[in-house]
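Protein chains: 2
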Amino acid sequence: MTQPTICPKFEKAISLLSQRWTALVIYQLLLGTQRFSGIQSSIGISGKVLSDRLKELEQQDIVKRVVIPVTPVIIEYSLTDKGHSMEPILRTIENWSQAWVEPESELSAD
Amino acid sequence: MTQPTICPKFEKAISLLSQRWTALVIYQLLLGTQRFSGIQSSIGISGKVLSDRLKELEQQDIVKRVVIPVTPVIIEYSLTDKGHSMEPILRTIENWSQAWVEPESELSAD
DNA sequence: ATCATTTGATTACTTTATGTAACTAAGTTT
DNA sequence: AAACTTAGTTACATAAAGTAATCAAATGAT
Numbered sequence: 187m188t189q190p191t192i193c194p195k196f197e198k199a200i201s202l203l204s205q206r207w208t209a210l211v212i213y214q215l216l217l218g219t220q221r222f223s224g225i226q227s228s229i230g231i232s233g234k235v236l237s238d239r240l241k242e243l244e245q246q247d248i249v250k251r252v253v254i255p256v257t258p259v260i261i262e263y264s265l266t267d268k269g270h271s272m273e274p275i276l277r278t279i280e281n282w283s284q285a286w287v288e289p290e291s292e293l294s295a296d
Numbered sequence: 187m188t189q190p191t192i193c194p195k196f197e198k199a200i201s202l203l204s205q206r207w208t209a210l211v212i213y214q215l216l217l218g219t220q221r222f223s224g225i226q227s228s229i230g231i232s233g234k235v236l237s238d239r240l241k242e243l244e245q246q247d248i249v250k251r252v253v254i255p256v257t258p259v260i261i262e263y264s265l266t267d268k269g270h271s272m273e274p275i276l277r278t279i280e281n282w283s284q285a286w287v288e289p290e291s292e293l294s295a296d
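Put into structure tokens, the structure is as follows:
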């Protein structure tokens, strides 16, 4: 048998990044601390899924959540060191996309 | 409004890589030409989804499909130039995972 | 005091994606 | 003709994601 020879760490990283929105959330946070609604409107994710993703990223120690008790409450999300360490991944994808992805053939057939 | 300012090419790349299995399929093909059943057993993907993924990757000119009319038929899948150009993405993820991902805490509670 | 407002979230419900397992097609051996 | 092999497909079940309404906490307006 030549079964699962894929490194578990790599597989875990892939399964994280293969979740819809995860990479985009991190990419947005590379721009700096942001709030829930800011992330939501910048990438067009639903509140429900954003909530899920942020919870998981917090658990993975990729995102840090800070509550500022003013009114209405402000909650700031930012990247941890581990989160920032993912920047090369996003940049590599960014570079590749510029070199190889053809723009969406905008079929503006009226 | 500070709406969708994300580059369409980048978004397209992300949406491709955010599909479950896509990155692993490409990663496997970095090892060289492989057949349907080989990919299937190496990463544990269902035939149905692998079929979908390979079709999309073919459309995106990332994967090449070659039919060898012997019996039983052999169908070889390999990366195109565009496919190979994604290697840095996978390597960057691989490197990051080695440095930052903690191995699955194997809860072997008897 | 009550009501509306704001942010960050959750819940109920619908739609889409994925998993599972049985099945098909073509060619060959038995 | 029946069995076997590879590369799929199909029908059905489960999981994930989208949508919209709703909640909680704090506060200012009435």
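Protein sequences, first through last, are from chains A and B.
187 is the number of the first residue of the first sequence in the numbering used here; add one for each residue after it.
187 is the number of the first residue of the second sequence in the numbering used here; add one for each residue after it.
Cβ atoms here follow ideal geometry from the backbone N, Cα and C, with glycine treated the same way.
Keep in mind that this is a model prediction, so the values were computed, not measured.
query: Going by beta carbon distance, what residues of the same chain come within less than 6 Å of Val253 of chain B, once the five residues before and after it are set aside?
result: Taking the first residue of the second sequence as 1, we reach residue 253 of chain B at position 67. These residues qualify, in order along the chain: Ile261.
- request: Return the CA-CA distance between Ser237 of chain A and Tyr263 of chain A, expressed in angstroms with no decimal places.
  value: Numbered from its first residue, the first sequence carries residue 237 of chain A at position 51. Numbered from its first residue, the first sequence carries residue 263 of chain A at position 77. Spanning the two alpha carbons is a distance of roughly 11 Å.
Contacting positions in the stretch 191-211 of chain A - beta carbon closer than 9 Å to chain B: Thr191, Ile192, Cys193, Pro194, Lys195, Phe196, Glu197, Lys198, Ala199, Ile200, Ser201, Leu202, Leu203, Ser204, Gln205, Arg206, Trp207, Thr208, Ala209 and Leu210
message: Report the CB separation of Gln205 of chain A from Ser204 of chain B in whole angstroms; it is logged as a contact under 8 Å.
response: Here the question's residue 205 of chain A lines up with position 19 in the first sequence. Here the question's residue 204 of chain B lines up with position 18 in the second sequence. Indeed, because the Cβ distance is near 7 Å, the residues count as touching under 8 Å.
- request: Check whether the stretch 218-225 of chain B touches the stretch 216-225 of chain A, taking contact to mean three or more Cβ pairs, one atom from each stretch, closer than 8 Å.
  value: no
query: Which of the residues in the stretch 222-240 of chain A, read from start to end, lie with their CB under 9 Å from any CB of chain B?
result: Gly224, Ser227, Ser228, Ile229 and Gly230
message: What are the residues in the stretch 242-268 of chain B lying within 8 Å of chain A by C-beta distance?
response: Lys268
- prompt: Going by other Cβ atoms of all chains shown within 10 Å of its Cβ, with 16 needed for buried, is Ala209 of chain A buried or exposed?
  reply: If you number the first sequence from 1, residue 209 of chain A lands on position 23. Looking at its Cβ environment, which holds 16 or more other Cβ atoms inside 10 Å, Ala209 of chain A is buried.
message: Using DSSP's beta-bridge definition, name the partner residues of Glu262 of chain A.
response: For the purposes of this step, residue 262 of chain A is identified with residue 76 of the first sequence, where counting begins at 1. Paired residue(s): A:Arg221 and A:Val252.
- request: Flag Glu273 of chain A as yes if its beta-carbon sits less than 7 Å from any beta-carbon of chain B, otherwise no.
  value: Taking the first residue of the first sequence as position 1, residue 273 of chain A is located at position 87. So, not an interface residue.
- prompt: What number of angstroms, rounded off, separates the C-alpha of Leu243 of chain A from the C-alpha of Val249 of chain A?
  reply: The residue given as residue 243 of chain A occupies position 57 in the first sequence. The residue given as residue 249 of chain A occupies position 63 in the first sequence. Rounded to whole angstroms, Leu243 of chain A to Val249 of chain A spans 5 Å at the Cα level.
Pairwise C-alpha distance: Met272 of chain A and Trp282 of chain A: The residue labelled residue 282 of chain A in the question sits at position 96 within the first sequence. The residue labelled residue 272 of chain A in the question sits at position 86 within the first sequence. The alpha-carbon atoms of Trp282 of chain A and Met272 of chain A are separated by roughly 16 Å.
Contact list for Gln220 of chain A against chain B, beta-carbon separation under 8 Å: Mapped onto the first sequence, residue 220 of chain A falls at position 34. In chain order: nothing, as chain B lies at least about 11 Å away.
message: Buried or exposed, going by whether 16 or more other CB atoms sit within 10 Å of the CB of Val256 of chain B?
response: On the second sequence, position 70 is the one that residue 256 of chain B refers to. The residue is exposed, with fewer than 16 neighbouring Cβ atoms inside 10 Å.
message: For Tyr213 of chain B, which residues in the same chain have their Cβ closer than 7 Å to its Cβ, ignoring the five residues on either side in sequence?
response: Against the second sequence, residue 213 of chain B aligns to sequence position 27. Leu276, listed in sequence order.
Run of the alpha helix (DSSP H) containing Gly233 of chain A, from where it starts to where it stops: Taking the first residue of the first sequence as position 1, residue 233 of chain A is located at position 47. Taken as a continuous stretch (DSSP letters only), the alpha helix (DSSP H) holding Gly233 of chain A covers Gly233 to Gln245.
query: According to the neighbour-count rule (16 or more other Cβ atoms, all chains shown, within 10 Å of its Cβ), is Val259 of chain A buried or exposed?
result: Your numbering for residue 259 of chain A matches position 73 in the first sequence. Its Cβ having fewer than 16 others within 10 Å, Val259 of chain A is exposed.
query: Where does Leu293 of chain B fall in DSSP's three states?
result: Translated into positions along the second sequence, residue 293 of chain B becomes position 107. Reliability fails at Leu293 of chain B, whose pLDDT of 47 lies under 50, so the model's placement of it is uncertain and no value is given.
Contact check, Lys268 of chain A vs Trp207 of chain B, beta carbons under 7 Å: Residue 268 of chain A sits at position 82 when you count from the first residue of the first sequence. Residue 207 of chain B sits at position 21 when you count from the first residue of the second sequence. The answer is no: Cβ separation not under 7 Å.
For Ser201 of chain B, the first and last residue of its enclosing alpha helix (DSSP H): In the second sequence, counting from the first residue as 1, residue 201 of chain B sits at position 15. Pro194 to Leu203 is the span of the alpha helix (DSSP H), which, as asked, contains Ser201 of chain B.
message: Cutting at 7 Å between CB atoms, please list the residues of its own chain near Val235 of chain A, excluding the five before and the five after it.
response: In the first sequence, counting from the first residue as 1, residue 235 of chain A sits at position 49. Closer than 7 Å at the Cβ level, and outside the excluded window around Val235 of chain A, lie Trp207.
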